[in-house]
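Read the structure below first, then the notes.
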Amino acid sequence: MATRHNWTKEEILAIYNKPLMELLYEAATVHRKNHDPNTVQVSTLLSIKTGGCPEDCGYCPQAARYHTDIEGNDLMSVNHVKAQALRAKSAGSSRVCMGAAWRNVKDGPEFDNVLEMVRTINKLDMEVCCTLGMLTENQAERLAEAGLYAYNHNLDTSEEYYKEVISTRGFGDRLETIDNVRKTNVTVCSGGIIGMGEKEEDRAGMLVALSTLNPQPESVPINALVPVEGTPMEEEAPVSIWEMVRMVATTRIVMPETQVRLSAGRTQMSREGQAMCFFAGANSIFAGDKLLTTPNPDVSEDMQMFKALGLNPQKPFTKKSKPDTVEATESKYNSLGEKPKWSRPGHTIERNKVTEEKQKAKSKA
282 MATRHNWTKE
292 EILAIYNKPL
302 MELLYEAATV
312 HRKNHDPNTV
322 QVSTLLSIKT
332 GGCPEDCGYC
342 PQAARYHTDI
352 EGNDLMSVNH
362 VKAQALRAKS
372 AGSSRVCMGA
382 AWRNVKDGPE
392 FDNVLEMVRT
402 INKLDMEVCC
412 TLGMLTENQA
422 ERLAEAGLYA
432 YNHNLDTSEE
442 YYKEVISTRG
452 FGDRLETIDN
462 VRKTNVTVCS
472 GGIIGMGEKE
482 EDRAGMLVAL
492 STLNPQPESV
502 PINALVPVEG
512 TPMEEEAPVS
522 IWEMVRMVAT
532 TRIVMPETQV
542 RLSAGRTQMS
552 REGQAMCFFA
562 GANSIFAGDK
572 LLTTPNPDVS
582 EDMQMFKALG
592 LNPQKPFTKK
602 SKPDTVEATE
612 SKYNSLGEKP
622 KWSRPGHTIE
632 RNKVTEEKQK
642 AKSKA
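The C-terminal residue of the sequence shown carries number 646 in my numbering, and the numbering is unbroken.
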């Protein structure tokens, strides 16, 4: 089956709503044609700067305006990150993804430190991924030079429903950032979250946006919302395992060569449920007790599950060769001190506003 870049929402919805056994069979067939079905990549997600984000994403406990119980921290040191990466490698991870609660990357000492983290981890023979918010073409080139393997920038949901989730940035900014990454040799990781109150049409819409990119993202994380107290989405009902299986299977069929990442929400899934997701085409997980700020299964639990299912961790640089690292002193790309005008749509999302006002009242009491 050739990779298509012209999927329509109607076609994707028809796939999503197929009888489950037919859907699973088709997805598993596509998966086996393009991937080793018994190999799953194990990645570790590390929050290198937590909390205090100025955005109003309705799902996120790191948004400063919602006053959740998340304990914030300043940017980690390079040595701390190296120690965490070595720990992850010894536990079986082949990739480290570093996340910072920033709206966008800003040139300066903090970004320089992140570049040094990328160089350090790449030299450990591990794939390095970053999720740092919006970034410019020059910033993407600097990350590529340092040895970055992948950049994560999720679309979150469909363009239509995006306006019901976030008002502080536009959907177009997400696409522009992905386009800036595509101008380098860094691979793209972009997916979304289900369970935010969206309709099935929005799930299909998100997959249209991702699958019509050319090339398609090398990685697509599928997250189930983990409702956090204090956020606007704290009352959302949990996503069922059947919804996750359908979403994973549909993603696999629509994006056959992509690594589909079974991401947030795994603590609510049984081993049997996760096994169905692997059969449906998921071939990557995040290991460790936390996904930035939300709970995640322990590494030892995952290794027991792998043993029971006969799964093997994927070795680093299996899909793409290891990038070279250029030292800071030899870099062709310097800090430009850019101050790009990323959009601020500024419309009102009622549930976000209500939560924000409630938190303000609490803090004054």
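In this text, a Cβ means the ideal position worked out from N, Cα and C, and glycines have one as well.
- In the pairwise beta carbon analysis, the segment 302–314 is classified as touching the segment 530–543: at least three pairs are separated by under 8 Å.
- The segment 544–554 and the segment 290–302 do not touch, with fewer than three beta-carbon pairs separated by less than 8 Å.
- T532: member of the alpha helix (DSSP H) spanning I522 to V535, first to last residue.
- DSSP places C411 inside the beta strand (DSSP E), whose first and last residues are E408 to T412.
- For A382, the three-state secondary structure derived from DSSP is coil.
- The C-beta of Q585 has fewer than 16 other C-beta atoms within 10 Å across all chains shown, which makes the residue exposed.
- Counting C-beta pairs closer than 8 Å gives fewer than three between the segment 490–497 and the segment 320–327, which falls short of the contact rule.
- Within its own chain, the residues whose Cβ lies closer than 6 Å to the Cβ of N433, once the five positions on either side in sequence are excluded, are C410, T412 and C470, listed in chain order.
- Per DSSP, the continuous alpha helix (DSSP H) segment holding L301 begins and ends at L301 to N315.
- Straight through space, the alpha carbons of R400 and P604 are spaced by roughly 10 Å.
- For the pair of segments examined, the segment 505–513 was found not to touch the segment 368–384: the number of CB pairs separated by less than 8 Å stays below three.
- Straight through space, the alpha carbons of K299 and A425 are spaced by roughly 41 Å.
- In this structure E422 is buried. Its beta-carbon is surrounded by 16 or more other beta-carbon atoms within 10 angstroms.
- Of the candidates S624, N319, K641 and P318, the residue whose Cα lies closest to the Cα of K444 is S624.
- Going by beta carbons, I503 and G554 fall outside the 8 Å limit.
- In terms of Cβ geometry, S439 and A490 form a close pair [threshold 8 Å].
- No Cβ-Cβ contact shorter than 8 Å links A427 with E408.
- Ranked by Cα distance from V541, the options V520, V501, H628 and A589 are led by V501.
- Of the candidates L590, S581, E582 and E538, the residue whose Cα lies closest to the Cα of C558 is L590.
- By the beta-carbon neighbour count (other beta carbons within 10 angstroms, threshold 16), E457 is buried.
- Excluding the 5 residues flanking it on each side, N394 has same chain C-beta neighbours closer than 7 Å at L356 and V359, in chain order.
- For the 8 Å CB-CB criterion, E517 and G562 do not form a contact.
- Residue nearest to L436 within the set V321, T629, L429 and I459 is I459 (criterion: CA-CA distance).
- Annotation for N564: the continuous beta strand (DSSP E) segment containing it runs A563 to A568.
- Cα atoms of E608 and V362: separation of roughly 18 Å, rounded to the nearest angstrom.
- Counting only residues of its own chain and dropping the five nearest sequence neighbours on each side, Y614 has a CB closer than 8 Å to the CB of N419, E422, R423 and E426.
- Annotation note: the segment 577–639 contains the following uninterrupted alpha helix (DSSP H) runs of length 4 or greater, listed N- to C-terminal: 580–590.
- In the three-state reduction of the DSSP assignment, I293 falls in the helix class.
- With respect to the 8 Å criterion, G476 and M487 are not classified as neighbours on the basis of their beta carbons.
- According to the DSSP assignment, S328 belongs to the beta strand (DSSP E) that extends over T320 to K330.
- Note that the C-beta distance between V446 and Y340 is below 8 Å.
- Counted as a single uninterrupted DSSP element, the alpha helix (DSSP H) harbouring T401 occupies residues P390 to N403.
- For T468, the pairing in a beta bridge is given by DSSP as A431.
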